[in-house]
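In UniProt numbering, the protein residues as written are 1 to 276.
From the three backbone atoms N, C-alpha and C, an ideal C-beta is built for every residue, glycine too.
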Ligand SMILES: [Fe+2]
């Protein structure tokens, strides 16, 4: 196994590895790289949905998928992202994640690691872009770091759902299952003790702040992370597995021509600790 830097400040590329037969020492090395570098790009894999789930389980407790309608039919813990429709039924979620976010931040114990695996990919578009909120935090002046250390942020699935076009409103049961949660704006990574901003566009608003002012702060911190900071844009090929640590990374999807191309991706998410 070879691990190389992807960008100077974050991300690694991993070569010469078969994720189906990961040894204990390889797993420890990958976990260390993930904690420190935030994103791992692992090309040329050959994984079934069940094998992807097994990979996820080697990194922690796999979460249930929030949206039951896009579960893999045989492996329900695998979430399907796709624009393919078979027999009138969409295989997966065609349309999500275009705003910068961190996965499932609206849970009390949000996602630590996301495993995204490509089966079919369009020749252009449908990239996944990454930016580091740890790099963004490190670049803040110390006075602002102190100020932000004390801000708490409400994360809301309801707020995210409201941005989904043509989606049916959430049911009372869904709302009850997904209440808003409060997390610190600055969270500490449990393994490296490094601090990172923790926020998502369309999902988070600071507590105790005028909503307009709070929205402006989120947008400003977003811009500092994703415009002023380095961004890695992953161009997918079939067989690519990308793993990221949501505790220090933001990501978003870019669009593609859904009429011209097919896209099929499997996703597994591993639960993290309550942010602190
Ligand atoms: Fe996501």
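When 217, 212, 144 and 132 are compared, the shortest CA-CA separation from residue 189 is found for 132. At least one heavy atom of ligand 1 lies closer than 8 Å to the C-beta of residue 103. Here residue 233 is bridged, per DSSP, to 129.
Distance check between residue 6 and each of 230, 25 and 151 places 230 closest, using alpha-carbon atoms only. In the DSSP assignment, residue 148 falls within the alpha helix (DSSP H) that extends over 142 to 149. In this structure, residue 251 has its CB closer than 8 Å to one or more heavy atoms of ligand 1. By the 16-neighbour rule on beta-carbons within 10 angstroms, residue 123 is exposed. Distance from the C-beta of residue 56 to the nearest heavy atom of ligand 1 is not below 8 Å.
Separation of residue 155 and residue 176 (C-alpha to C-alpha, rounded to the nearest whole angstrom) is 15 Å. At least one heavy atom of ligand 1 lies closer than 8 Å to the C-beta of residue 114. As DSSP reads the structure, residue 205 sits in a beta bridge with 154.
Taking residue 274 as reference, the option from 263, 41, 254 and 246 with the minimal CA-CA separation is 246. Counting only runs that start and end inside the region 17 to 80, the beta strand (DSSP E) elements of at least 3 residues fall at 39 to 42. Pairing residue 55 with residue 20, the inter-Cα distance amounts to about 7 Å.
By the CB criterion at 9 Å, residue 226 and residue 129 fall inside the cutoff.
Bridge pairing for residue 115: 243 and 268 [DSSP]. Note on residue 163: under 16 other CB atoms within 10 angstroms of its CB, so exposed under the neighbour-count rule. Sequence-distant partners of residue 134 (beyond 5 residues in either direction) whose C-beta falls short of 6 Å from its own C-beta, in its chain, are 194, 196 and 248. Residue 222: member of the alpha helix (DSSP H) spanning 211 to 226, first to last residue.
Using a Cβ-Cβ distance cut-off of 8 Å, the region 78 to 89 and the region 207 to 227 are not in contact, since fewer than three pairs of beta carbons, one from each stretch, lie closer than that value.
A distance below 6 Å between beta-carbons, with the five flanking residues on each side excluded, links residue 11 to the following residues of its chain, in chain order: 37, 39 and 232. When C-alpha distances from residue 192 are compared across 16, 256, 9 and 32, the shortest belongs to 32. Inter-residue distance for residue 120 and residue 251 is about 20 Å (C-alpha atoms, whole angstroms). Counting C-beta atoms within 10 angstroms of its own C-beta, residue 63 has 16 or more neighbours from the protein chains shown and is therefore classed as buried.
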